Structures are given as structure tokens and as C-alpha cells.
Ligand code: SF4
Ligand code: SF4
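Residue numbers (my numbering), protein chains in the order written: chain R, 811 to 1175; chain D, 315 to 570.
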């Protein structure tokens, strides 16, 4: 496999731009259309948290602390070659962290309006996306045409389509893929032909498993939906614990799973507006009210025939933590299946304790 | 048919030998520094004092933090389910279980069939657990067994407001130094344990009958404090610390 680091350095050598991103709200299409690579910056390592805590307060979510720790210690291999960081006003911790990053690198922040149902909110977001287009044009000294955008849209739709196809293999019963295997298929750089090829192979391999009856979990293994905060590679502790307890994570309603794959960008009409529209509809807990999330959970629960929902809240993630009250009620009352919230961080110290909770839920099913 | 439940906790090990209807033999031992070894010994001690050979035990279920490492066990079960099972055997009308052990506390709600319908657990912090009360016992020089009697004498209580065991310790030192009587401090400690525990009830509710289990349920002072805070009468099993092992033995019987 081609390493993400090599790929990014190679692209840089060949004159391509590199843009760092942290969140699923970032319209990657725009970056691709500017002939730059959108790269998810590092933020999934417990070891960069202590250095981050020399600057940031410790009661922030591990994702924010780890991300900042990488930058502070210069350990993120992508950060060093960045031309620009594109960020959004999502949760407060991240938003303010971007101000600290801006001391070191050029940062462009899109103001994400958060009232999903209001036209004015969308109009403002659209204007912000338009401003990003300008900023990218300035940074890379080129014009982004509508055709560039259309091409990028097709590329990203293809990538999302393949990822979605892979994650939807979770519908198989008995499961042909574990949640852990699925978490490993994401690639940190968007719009890479080699990654699409890899996804293609992954999907065919999974289908072969089905044909040859090589299943990833025992028949009758409880089927779990994971929802909540994202679990980037290296922070899949909870998925591992769930699967060690004999259940299988079949659906991931998170930003590292199906959440950003649910909608494609409309390939007709004004490309910029289509891009803005898709991202604006992402059911993240930073939006209010975030009714899109319960709708998605309901649909996935049905399609993937899940037996229980586990909600992951990274410690000090207030938006997902507070929203969990509504998700709890919705899952128990509307879907009539068990719900459990797990609050944890990146450390491994509570694995055994998490197992007690998860095993109880699994045995209850 | 005989079955056995083995509960390997952070502070103590409990073993219950069960004949399908009633308890045959129980053992309680310290976990010490090698809980799994000690559990093995307690297991064979239980069998020999009951005069039972290993082959006569049809099934062994382990629970508690050491459950996955106890090789004598046929299967493992989560301690939450075991506690619930033990409680509904002892008190068929139970709807809520409060369990305070050495290192964590939990609240479990049971449905009308005695099955777990919801649970919450606090295992992030020592305050409000047996460990904290043990620490207070050492600090104030009041043996665990006499805490109930010592606090029986009056209702006067003081405020312990720290949410963290470490800070609570310095708060307690401050109180004793300023001349607050030991029994008053203890009642303050028990009330804070009660409040911490009951903070979990927001999630699972507090429907009577409420059963109180785990090692801390042996402390009459804590029982009184929870009853005072809730206005409910708590049901406490005669040997509250063995409830998990008992549940494990009953689960073993249902699987054998
Ligand atoms: S959960 Fe929200 S803030 Fe986090 S990556 Fe997803 S969209 Fe961004
Ligand atoms: S997990 Fe929560 S607190 Fe952390 S970055 Fe995402 S939204 Fe913000």
C-alpha cells in the first residue's frame, strides 16, 4: 500500500497544494478543485495529549487535545508541508483551538451556521463556502471554474459511494466484516485514485467472504450500532471492546463511519450551492436542533437490523454528551431497543471497566 | 445438581455453592495482590469444607473484575447481571438495586420478571465507594465493623462537600482538627456517599422495593444515610457482599 505520507510529499514535490482539515464539514471538493490535496490532520493519539495540556486546559475532548499536541510537538507529518488549514466553527473547543493554530500556520475558518432548518442560516453558509473558494484561489494562484468543481464533485461522490458500499456490507447477516475492519478502510487523503482501487478490492474481498461462508462473527452475534463522536484510526478502543464481548458493530453512525456518506453532492445545478447543501445537512451535534441524527439512526437501525445502540461520547464533548439524553429517549422509546452511553477518552486504562458495561448489554440481548 | 458462582472483585472474593434451590456453602476471602490465585484457593476451600468433589460441580460461572482470568470457570457473566439475579432470588419484589463495592458503585433497575432493564455505573472515581470508606476508617481510627454503632447515637451531621476522595480527605482532617466529633464527621461522610450514589438514580429511577448490596451494605451507617436521603426503607440481604456470587451460581444452574 502507498503510504499517505509519501503520497502527500510526492504531490507536494510535483507542485500540488496541501490543505489540512479536521472535520467532516470541510467541503473537500473545493480543495480538490484548487488542485490541492485535502488531508485529515492527525488527532488520534493519546501520547500527544500531555504536551497539549501544557497549553490547553485538560478538560477538553481528547480529539482536540491530541490534534493540538501533534501541532505543538511538530509530530504530524502532514502539518509540516501544509499550505493552509481549513476549519469550521463547530464546537467551542475546536473553534478556539484554531485560533492557536493560526499563530503558526495560515488558517481559514468557515463560519458554520447551526440552525439547520433556516434559510438565512444556509444562505450565510453558502456565502462562507463562496469565500473559501476565493481564499483557495488566492492561496494557489488559480481560478476555480465551475467545471473544476463538477469534476471534484464527481470524484468525491465516487469515493463516498465506494466507502458507503463498503460500510453497507454491515447489513449482511451473519456479518461478513467486523466494525474494526471497516474502521480501517478510511484514508486520510481525499480524492486519491489508488484509494478507490483499494476500496474496490476490499469490497470484492468482502463479497467473496460471503460466498465462501467465511463470516466475521458468529451467527446470532448481537448487532450493534455505534453512534456519537468519531473514532479515527487508533481510537477504535470501544469498537474493539464491543467485538471482544462477542457482539459486532454493524453500523457506524459517526463521522468516521456512515454519517458523512449518507448524502452525495447533487451533480446537477449550481455546483457551489450543491456542495454547500450537502455539507450543511451533516447531522453533527453542533447543529441545533439536530433532528437529522435521529432520522439517520432510525433508518440505519432498520436497514442494518441492529439490536442495540451504543453512543460514544469523548470525555468533555459537551454537544454529544448533552444530545445523548435525546438519543437515549429516542432509541428506547421510538425504536424500542436498548441504548447505552459510553463516556471515555483515548487512554487504555478503562478497557476492563468498559467491558463490564458492554458485556452486560451483550448478555442482556 | 451443584453449581458454583465465583465473584472476583478488586477488594474481595466471594464463592457460593448452590444446589439448584438453596445455598450450600459460602466463602469470602481477600483479593490481595494475586486475586486469581486467591480465588483458586478459596474455590477449593469451599469445596472441601462442603465435602464436595470438583466433578460434582456441574457448572462454574465467574464474575467480577477477575472473571476472565479464572480458569476453573466454564463461563463468565457480567457482575451487573449476576447482582440482579442474586437480588431477585433473595427479594422477588425488588425493582431497584443499589450496589456499592470496593471500587465502584452501580444502580440497576429490574423489570417485573427480575431482568435488568437499565443500569448505571460509577467506576471513574473512588469517592462514594468502599475504598473511600476504608480510607476514612483508617483516618478516623474507627474500625469498619463499628462504624454503624458509632453513628447510631445521634442525627447531627456535617457537610462534606468535596466530590473527590483526595480533597474529601483534607476536608475531613480540617473538620476533626476544628473539633467536630468523630460520629458527626462519619455521618457527614455517609451522607456524601449516599448523595453520590443517588445521583445515579436520575438515569434508572428509584422504584421500591430497593435492595442494597455489595460490601458497603454491611455498614448500617450508610444504609441509614441512604434511607434518610430517599425516605425509602432499604432491603439488605443478610450477607450483602455475596449477592454477585450467588447470582453467578444461579445463572450457572440455569445453564447447566
Ligand atoms: S462530529 Fe461534528 S465536529 Fe466532529 S468531525 Fe463530525 S462534523 Fe466535525
Ligand atoms: S468530539 Fe465533540 S468536543 Fe471533540 S472535537 Fe468533536 S464535537 Fe468537539
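Built from N, CA and C at the ideal position, the CB exists for glycine as well.
It should be emphasised that the depicted structure is a prediction, and the values quoted were computed from it without experimental measurement.
Item: Under 9 Å by beta carbon: chain R residues contacting residue 395 (chain D); Value: 1169, 1170, 1173 and 1174
Item: The region 985 to 1002 of chain R contacting the region 1045 to 1061 of chain R, beta-carbon criterion three pairs below 8 Å; Value: yes
Item: Residue 1032 (chain R) (DSSP reduced to helix, strand or coil); Value: coil
Item: Residue 1040 (chain R) CB to nearest heavy atom of ligand 1 below 7 Å; Value: yes
Item: Residue 446 (chain D) CB to nearest heavy atom of ligand 1 below 7 Å; Value: no
Item: Span of the beta strand (DSSP E), counted from its first residue to its last, around residue 774 (chain R); Value: It is not possible to answer for residue 774 (chain R), since the shown part of chain R is limited to 811 through 1175.
Item: Chain-ordered chain R contacts of residue 433 (chain D) [CB-CB under 7 Å]; Value: 1170
Item: Chain D within 8 Å of residue 1162 (chain R), Cβ atoms only; Value: yes
Item: Partner residues on chain R for residue 413 (chain D), Cβ-Cβ distance less than 8 Å; Value: Residues of chain R passing the Cβ test: none, with the nearest at roughly 12 Å.
Item: Whole-number beta carbon distance between residue 1033 (chain R) and residue 1117 (chain R), since they are thought to touch under 8 Å; Value: 5 Å
Item: Neighbourhood of residue 960 (chain R) by C-beta distance below 8 Å, restricted to the same chain and skipping five residues each side; Value: 1077 and 1081
Item: For residue 971 (chain R) and residue 827 (chain R), the rounded distance between their alpha carbons; Value: 25 Å
Item: Partners in chain A for residue 391 (chain D), counting only beta-carbon separations shorter than 7 Å; Value: Although the question refers to chain A, the structure presented lacks it and instead comprises the protein chains R and D.
Item: heavy atom of ligand 2 below 7 Å from residue 873 (chain R) C-beta; Value: yes
Item: Simplified DSSP assignment, three categories, for residue 839 (chain R); Value: helix
Item: Best match in R:903, R:951, R:980 and R:1008 for proximity to residue 1027 (chain R) [C-alpha to C-alpha]; Value: R:980
Item: Residues of the region 881 to 912 of chain R with Cβ closer than 8 Å to any Cβ of chain D, in chain order; Value: none
Item: Partners in chain R for residue 430 (chain D), counting only beta-carbon separations shorter than 8 Å; Value: 1170 and 1174
Item: Contact list for residue 437 (chain D) against chain R, beta-carbon separation under 7 Å; Value: 1163
Item: Residue 413 (chain D): first and last residue of the uninterrupted beta strand (DSSP E) it sits in; Value: 410 to 414
Item: Buried versus exposed, by CB contacts within 10 Å (16 or more), residue 1158 (chain R); Value: exposed
Item: beta-carbon residue 900 (chain R) near ligand 2 non-hydrogen atom, thresh 7 Å; Value: yes
Item: Beta-carbon proximity of residue 380 (chain D) to residue 414 (chain D), cut-off 8 Å; Value: no
Item: Span separating the alpha-carbon of residue 326 (chain D) from that of residue 345 (chain D); Value: 5 Å
Item: Cβ contact (3+ pairs, closer than 8 Å) linking the region 1130 to 1144 of chain R and the region 348 to 360 of chain D; Value: no
Item: Residue range of the unbroken beta strand (DSSP E) whose run includes residue 352 (chain D); Value: Not the beta strand (DSSP E): residue 352 (chain D) falls in the alpha helix (DSSP H), residues 349 to 364.
Item: Closest residue to residue 1051 (chain R) among R:1105, R:813, R:846 and R:1166 (Cα-Cα distance); Value: R:1166
Item: Simplified DSSP assignment, three categories, for residue 1038 (chain R); Value: strand
Item: Whether residue 559 (chain D) touches residue 315 (chain D) by CB criterion (8 Å); Value: no
Item: Pick from R:839, R:1016, R:869 and R:877 that is closest to residue 957 (chain R), judged by C-alpha positions; Value: R:839
Item: Through-space distance from residue 847 (chain R) to residue 812 (chain R), alpha-carbon basis; Value: 15 Å
Item: Completely contained beta strand (DSSP E) runs for the region 836 to 889 of chain R, where each covers 3 or more residues; Value: 846 to 850
Item: Nearest residue (CA-CA) to residue 324 (chain D), options D:548, D:440, D:454 and D:542; Value: D:440
Item: heavy atom of ligand 1 below 7 Å from residue 852 (chain R) C-beta; Value: no
Item: 6 Å CB neighbourhood of residue 974 (chain R) in its chain, flanking five on each side removed; Value: 1071
Item: Listed by chain order, chain R residues near residue 379 (chain D) by CB distance under 7 Å; Value: 1162
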